[in-house]
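Q: For the sequence shown, this note's numbering assigns the number 8 to the initial residue and increments by one for each residue that follows. Where is the CB? At the ideal position from N, CA and C, for every residue including glycine. Small disclaimer: the values here were computed from a predicted structure and weren't measured. One structure coming up, written as structure tokens, with questions to follow.
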Amino acid sequence: MSDPAPTPANPVPGADGSRPRRTRLSREARAAQLLDVAETLFAERGFEGTSMEDIARAAGVTRPAVYAHHATKDEIFLACVRRARAELEDAVREPEILVAAGAGARAVITRAGEIFFSMLERDPRRWMVLFNPSVALSGTLAAELAQVRSRTIGRIAEMTARLTGFDEQRNLAFAHAVSGVGEQLGRWWLQNPEVPRATVVGYYCDFITAGLALPGPGDAARPGRS
């Protein structure tokens with residue numbers, strides 16, 4: 008069964024405390040709309056400053072309608088994070104293809120940076136939520152959030168293993184470092200949006216290749232090998 012939805016006139020309808028006019032949405036469309044609304048509120052007000060009632064009001068539905076999709080605020084936050092991470096993991100496919108084709112490390116990292124920071128530029132609120140360091144989730148959901156991040160790092164590790172020649176432990180540590188550079192640089196850019204994207208991509212590539220001395224797969228000398 009579907010439940011009612013707001014008119015699209017306001018990006019966050021109901022922010023003034025009133026409930027907007029309602030239409031009908033399918034369950035799938037409602038689920039996506041609730042994530043959009045929650046994502047916007049989390050980005051604007053923070054996790055602690057957003058309640059399930061806020062989400063319901065902004066979506067133009069009752070709290071039970073929100074609870075029908077997500078039992079707690081932790082869960083809807085985690086759903087927002089999962090959606091952003093899924094988008095990020097989909098974007099990793101192109102760099103993976105470059106690695107499989109034998110592209111050099113700098114070319115792969117540059118393309119990965121272009122894709123990643125284009126995503127941030129297109130939808131900054133989504134990534135403000137993903138990069139939020141102050142959210143205190145309950146134990147089980149905190150563990151799930153860590154698993155979501157770990158899967159992304161695992162994808163990075165699969166690529167870097169083919170680029171670096173590092174042993175397994177060193178490569179996994181390197182994949183965490185690459186992920187950290189992207190997240191921290193992304194957080195910095197969200198706070199400094201006047202910096203051109205091309206400049207940020209250049210920083211990203213330089214920090215990883217020069218800062219970590221990563222060669223391309225065709226180079227004669229490779230870290231971790233004699």
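1) Give me the Cβ distance between Val44 and Ala65, rounded to the nearest whole Å; I'm assuming they're in contact under 8 Å.
2) Can you give the Cα-Cα distance for Arg156 and Leu192, rounded to whole angstroms?
3) Are the Cβ atoms of Leu204 and Phe124 separated by less than 7 Å?
4) Distance check for Ala119 and Phe214, CA to CA, integer angstroms please.
5) Determine the direct distance from the alpha carbon of Tyr211 to that of Ala149, and round the result to whole angstroms.
6) What is the DSSP secondary structure of Asp213, reduced to helix, strand or coil?
7) Kindly indicate which three-state DSSP category His76 falls into: helix, strand or coil?
8) Quick one: what's got a C-beta closer than 7 Å to Ala114's C-beta in the same chain, skipping five residues either side?
9) Need the endpoints of the alpha helix (DSSP H) that Val185 sits in, please.
A: Straight from the coordinates:
1) Contact annotation, Val44 with Ala65: C-beta distance approximately 5 Å; criterion of less than 8 Å satisfied.
2) Arg156 and Leu192: Cα-Cα distance of roughly 17 Å.
3) In the sequence as presented, Leu is not what sits at residue 204; that position holds Arg. Judged by beta-carbon spacing, Phe124 lies within the 7 Å limit of Arg204, meaning their Cβ atoms are closer than that value.
4) Their backbone Cα atoms lie some 13 Å apart in a straight line.
5) Near 28 Å, if we compare the C-alpha coordinates of Tyr211 and Ala149.
6) Taken through DSSP and simplified to helix, strand or coil, Asp213 comes out as helix.
7) DSSP places His76 in coil when its eight states are reduced to three.
8) The residues are Leu105.
9) Annotation for Val185: the continuous alpha helix (DSSP H) segment containing it runs 175 to 198.
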